[in-house]
Amino acid sequence: MAYTPVPDEGVVVVYFSFALVVQTFFFGAYTILILLSTRILLKRGLKSGAGKALFFIGLAMYFLTMAHWAYSMADVFARMQMYIFPETIPYYSRVIEPYNLFNALILLNITASDGIVVWRSSVICSRDHRKFLLLPVAFLILTTFAVTGTIALRIADLAAPGFAEGKAFVEVINILQVGGVGASLISNLSSTAVVGATAWRHRQSIQAAFQRQTNADRILMLLLESGLLYAISGITVIVSMLVHLPHGTLGDIYIPVNTQVAGAYAPIVLLLVRKQKSLNDTDFLGSGSSTLPSRDVHSPGQRPDAVSAIQFPVRPMRSSFVSGISSVLDAEFTRDVKANKLGDLEAGHPSP
Numbered sequence: 044m045a046y047t048p049v050p051d052e053g054v055v056v057v058y059f060s061f062a063l064v065v066q067t068f069f070f071g072a073y074t075i076l077i078l079l080s081t082r083i084l085l086k087r088g089l090k091s092g093a094g095k096a097l098f099f100i101g102l103a104m105y106f107l108t109m110a111h112w113a114y115s116m117a118d119v120f121a122r123m124q125m126y127i128f129p130e131t132i133p134y135y136s137r138v139i140e141p142y143n144l145f146n147a148l149i150l151l152n153i154t155a156s157d158g159i160v161v162w163r164s165s166v167i168c169s170r171d172h173r174k175f176l177l178l179p180v181a182f183l184i185l186t187t188f189a190v191t192g193t194i195a196l197r198i199a200d201l202a203a204p205g206f207a208e209g210k211a212f213v214e215v216i217n218i219l220q221v222g223g224v225g226a227s228l229i230s231n232l233s234s235t236a237v238v239g240a241t242a243w244r245h246r247q248s249i250q251a252a253f254q255r256q257t258n259a260d261r262i263l264m265l266l267l268e269s270g271l272l273y274a275i276s277g278i279t280v281i282v283s284m285l286v287h288l289p290h291g292t293l294g295d296i297y298i299p300v301n302t303q304v305a306g307a308y309a310p311i312v313l314l315l316v317r318k319q320k321s322l323n324d325t326d327f328l329g330s331g332s333s334t335l336p337s338r339d340v341h342s343p344g345q346r347p348d349a350v351s352a353i354q355f356p357v358r359p360m361r362s363s364f365v366s367g368i369s370s371v372l373d374a375e376f377t378r379d380v381k382a383n384k385l386g387d388l389e390a391g392h393p394s395p
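Residue numbering for the sequence shown follows our numbering, beginning at 44 and increasing consecutively.
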């Protein structure tokens, strides 16, 4: 691939250098998160298939991000070298040859993270909300097709020089990239809406017993808020693609950052849940094996269905990720109701 002179090459080098600095900052934070979450999982043990799957998927996403970051460093250094020593153009041309392919491969992080978001929603949603998961699943499939198509075209371009020449190729790539980002955003928003509906229903089911926020509420709100923040990052991608700079768009700087945010999503949720100290982190990620029995709780003389623990459909042979979420929420509700009764008895007021 021959080098084509670009106007204001110095400005281009500055843009790429700034983008690398931003990527390096987020990659450092991502590295800390993956180390902490890996330590938690290994300390508790990986006993279930779900826990092992998430562990290896998380590591694969991190190493893919590391490879992209390392290549970005090599690309910036090659641009600097070419700018200072123009005779190094052949070396620079070899370095930037797989540039578009690396940018396509890193999109796998977004697909994997979207899959985790949809799976998380399917685990905690109630039975009558499962039909709403068809929408995020459909758009997850569209996202996967868009990313796969982009990677395939970039590989074809690299294997057959001249394949990318032509207006049709550029239009198809643009459609796949924009369509993939849009499908990912809709998938995340709809999945987060399912979590929000579950959180609202759970809160409504326990308001009759006590007014204070329970740990189970905080867990559901944490999942809801983290999902919203991830969706906001997706919205930022779309907006950044529309902001034109003297060289390229703002999306050229932010999209690599968003792929790191996507990779860090699962470790962030794990660490936040652990901080709440209300949900066993190994159960949350499917690496625990023990669960607590769930049951309805009601006061004497009260209709059993008036106040009940949130019930999650748990299928036989499901991972402890599923049973852990449901049993912990049910057990948390049970403890809160019992504590509420005990407080009334100690104060000399019988429970209603």
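From the three backbone atoms N, C-alpha and C, an ideal C-beta is built for every residue, glycine too.
Since we're looking at a predicted model, the values are computed, not measured.
*Using a Cβ-Cβ cut-off of 8 Å (strictly less than) and excluding sequence neighbours within five positions of T108, which residues of its own chain qualify?*
F70, Y73, I149, N152, T302, Q303, G306
*Got a sec? Which residues, its chain only, sit under 7 Å from M104 by beta carbon, not counting five neighbours each side?*
N152, A155, G306
*Exposure of L89, with buried meaning 16 or more beta-carbon neighbours within 10 Å*: buried
_Member of D157, F188, F206, S283 whose CA lies at the smallest distance from the CA of L232_ = D157
*In angstroms with no decimal places, state the Cα-to-Cα distance between P179 and L97.*
20 Å
*Closest to I275 by CA distance: which of E52, I229, I132 is it?*
I229
*asked:* Using a 10 Å radius around the Cβ and a threshold of 16 neighbouring Cβ atoms, would you call D51 buried or exposed?
replied: exposed
*Excluding sequence positions up to five away, which residues of its chain have a Cβ less than 7 Å from the Cβ of A226?*
F182, L185, T186, A189
*asked:* Going by DSSP in three states, Y58 sits in which element: helix, strand or coil?
replied: helix
*Keeping to the same chain, check which residues put their C-beta closer than 7 Å to that of I100; ignore five residues upstream and five downstream.*
A155
*Let me know the secondary structure DSSP gives H172 once reduced to three states.*
helix
*Can you grab the Cα-Cα spacing for the pair A121 / V138, in whole Å?*
7 Å
*What do you get for D409, buried or exposed, if any count of 16 or more other CB atoms within 10 angstroms of its CB means buried?*
Look at the range of the chain in this structure, 44 to 395, and you will see that residue 409 is not part of it.
_Looking only at its chain, what residues have a beta carbon closer than 8 Å to the beta carbon of T292, apart from the 5 residues adjacent to it on each side?_
S283, M284, L285, V286
*Would you list the one or two residues that DSSP bridges to H287?*
T292
*Inter-residue spacing [alpha-carbon to alpha-carbon] between G277 and L271*: 10 Å
*Take the Cβ of A202 as the centre, count every other Cβ of all protein chains shown within 10 Å, and call the residue buried at 16 or more, exposed below.*
exposed
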